[in-house]
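A.B. asks: Right, I'll just put the structure down here and ask away after.
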Amino acid sequence: MVDRVRALGRYPQTRLRRNRRDPWSRRLVAETVLTPGDLIWTVFVCAGTGRSEPVGSMPGVVRLSADLLAEQARTAYDLGVPALAVFPQTPAEAKTPDGDEALNPDNLVCQAVRAVKAAVPEIGVICDVALDPYTSHGHDGLLRDGYIVNDETVDVLCRQALVQAEAGCDVIAPSDMMDGRVGAIRRALDGAGYERVRILSYAAKYASVYYGPFRDAIGSTGNLAGGDKRGYQMDPANGEEALREVAMDIKEGADMVMVKPGMPYLDIVYRVKAAFGLPTYVYQVSGEYAMLKAAGERGWLDGDGALLEALRGFKRAGADGVLTYAALDIARRLQG
Ligand code: PBG
Numbered sequence: 017m018v019d020r021v022r023a024l025g026r027y028p029q030t031r032l033r034r035n036r037r038d039p040w041s042r043r044l045v046a047e048t049v050l051t052p053g054d055l056i057w058t059v060f061v062c063a064g065t066g067r068s069e070p071v072g073s074m075p076g077v078v079r080l081s082a083d084l085l086a087e088q089a090r091t092a093y094d095l096g097v098p099a100l101a102v103f104p105q106t107p108a109e110a111k112t113p114d115g116d117e118a119l120n121p122d123n124l125v126c127q128a129v130r131a132v133k134a135a136v137p138e139i140g141v142i143c144d145v146a147l148d149p150y151t152s153h154g155h156d157g158l159l160r161d162g163y164i165v166n167d168e169t170v171d172v173l174c175r176q177a178l179v180q181a182e183a184g185c186d187v188i189a190p191s192d193m194m195d196g197r198v199g200a201i202r203r204a205l206d207g208a209g210y211e212r213v214r215i216l217s218y219a220a221k222y223a224s225v226y227y228g229p230f231r232d233a234i235g236s237t238g239n240l241a242g243g244d245k246r247g248y249q250m251d252p253a254n255g256e257e258a259l260r261e262v263a264m265d266i267k268e269g270a271d272m273v274m275v276k277p278g279m280p281y282l283d284i285v286y287r288v289k290a291a292f293g294l295p296t297y298v299y300q301v302s303g304e305y306a307m308l309k310a311a312g313e314r315g316w317l318d319g320d321g322a323l324l325e326a327l328r329g330f331k332r333a334g335a336d337g338v339l340t341y342a343a344l345d346i347a348r349r350l351q352g
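Residue numbers (this note's numbering): 17 to 352.
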């Protein structure tokens, strides 16, 4: 650090504002660049056809039926967005304690994957592996005597991953935080001939209040009934543990890793990228989206500008890309 200070010139010979003076020179000296190619569009799929319904707690976000989602996938791809991640609003009557609907080859996610891949084969499709959209208690795994059991859950997650791979999904993204699931899913995929399907692990996923609007969007808030996921998701107090989580997932075969949420965890993004150098993604989660949009709606700040600034922050911290609900708006803004 001392050397760096010595190497700096002194004012008035050195004026750091010179490079900031014009748009062209600002562009030339920019250290990171955000492009539509860095964005993964997170989308909600609902039952039916021709349906588009607003998510109350996420201004500008809609749940789309599979047919409309397939149309929007074309728009996304044409805007330069390489991939989308699908989340289902499972009808309440299809939810059960063990979340069996996750294994239904005709569930909403599988329908959406087939529709999107048929309409836009070039776009990457990412599917979450976890049981919370399907369980009547809203947890990501199997609940036995008040505890989310690990190994039995992992068996079901492997079967869920196979169902999604069979539907044509390109990337399996386990978001459940069970121990050992990445390795087990890798073996299950390979054993069934899906060795080309990638795994994007939610490697460092924190037990966060910022997931509130998402649970509203997939209709699991009431199911969780005030419960929390601190028995399997990470404690926001921990950083070293995130590196262990990531290391284990890499050893188990993760192709890409994710940190989630984004904004309060930029240090984790930086450390993960620096330590492992793997393709590293950040999830700008529902609560991050909602708070910036809501403030924008009130005229307190420029909501989309704030979202964009956050995305640039993720890239600066070392992320290779970002999962965001604002992918289409941001891609338009970056192009325009
Ligand atoms: C499910 C899952 C969650 C999110 C992504 N996958 C919710 C949770 O863990 O409770 C949250 C995404 C968001 O808030 O945008 N396991």
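Glycine residues also receive a C-beta, built at the ideal position from the N, C-alpha and C atoms.
1) If you draw a straight line from the C-alpha of residue 310 to the C-alpha of residue 229, how long is it?
2) The alpha helix (DSSP H) that contains residue 135, what's its start and end?
3) Rounding to the nearest angstrom, what Cα-Cα distance links residue 320 and residue 347 in this structure?
4) By a C-beta neighbour count over all protein chains shown, 10 Å radius and 16 as the cutoff for buried, is residue 115 buried or exposed?
5) Could you check if residue 192 belongs to the surroundings of the ligand PBG, using beta carbon to heavy atom distance under 7 Å?
6) Given a threshold of 16 other Cβ atoms within 10 Å of its Cβ, counted over all protein chains shown, does residue 68 qualify as buried or as exposed?
7) Which stretch, first to last residue, makes up the alpha helix (DSSP H) that contains residue 138?
8) Tell me residue 99's beta-bridge partners as DSSP assigns them.
9) Nearest-angstrom Cα distance between residue 241 and residue 113?
10) Below 8 Å between beta carbons: does that hold for residue 278 and residue 262?
11) Could you give the first and the last residue of the continuous alpha helix (DSSP H) run that contains residue 281?
12) Check whether the Cβ of residue 301 sits closer than 7 Å to any heavy atom of the ligand PBG, and report yes or no.
13) Which one or two residues does DSSP pair with residue 30 in a beta bridge?
14) Kindly examine the ligand PBG and report whether one of its heavy atoms sits closer than 7 Å to the Cβ of residue 355.
15) Report the rounded CA-to-CA distance for residue 289 versus residue 109, giving the unit in angstroms.
16) May I ask you to list the residues that DSSP assigns as paired with residue 189?
17) Report the partner residues of residue 69 according to the DSSP bridge assignment.
18) When the distance is taken between beta carbons, is residue 282 closer than 8 Å to residue 337?
19) In the DSSP assignment, what are the bridge partners of residue 226?
20) Taking 8 Å as the cut-off, decide whether the C-beta atoms of residue 252 and residue 218 are in contact.
C.D. replies: Reading from the atomic positions:
1) CA-CA distance, residue 310 to residue 229, rounds to 12 Å.
2) In the DSSP assignment, residue 135 falls within the alpha helix (DSSP H) that extends over 124-135.
3) 11 Å
4) It is buried - the Cβ of residue 115 has at least 16 other Cβ atoms within 10 Å.
5) yes
6) exposed
7) That residue, residue 138, is in no alpha helix (DSSP H); it is neither H nor E in DSSP.
8) 56 and 140
9) 14 Å
10) Their beta carbons are not under 8 Å apart, which means residue 278 does not touch residue 262 by this criterion.
11) Run containing residue 281: none; DSSP gives neither H nor E here.
12) yes
13) Residue 30 pairs with nothing; no bridge assigned.
14) The displayed coordinates of the chain run from 17 to 352. Any statement about residue 355 would go beyond what the structure contains.
15) 42 Å
16) 144
17) 79
18) no
19) Answer is none; residue 226 lacks a bridge partner.
20) no
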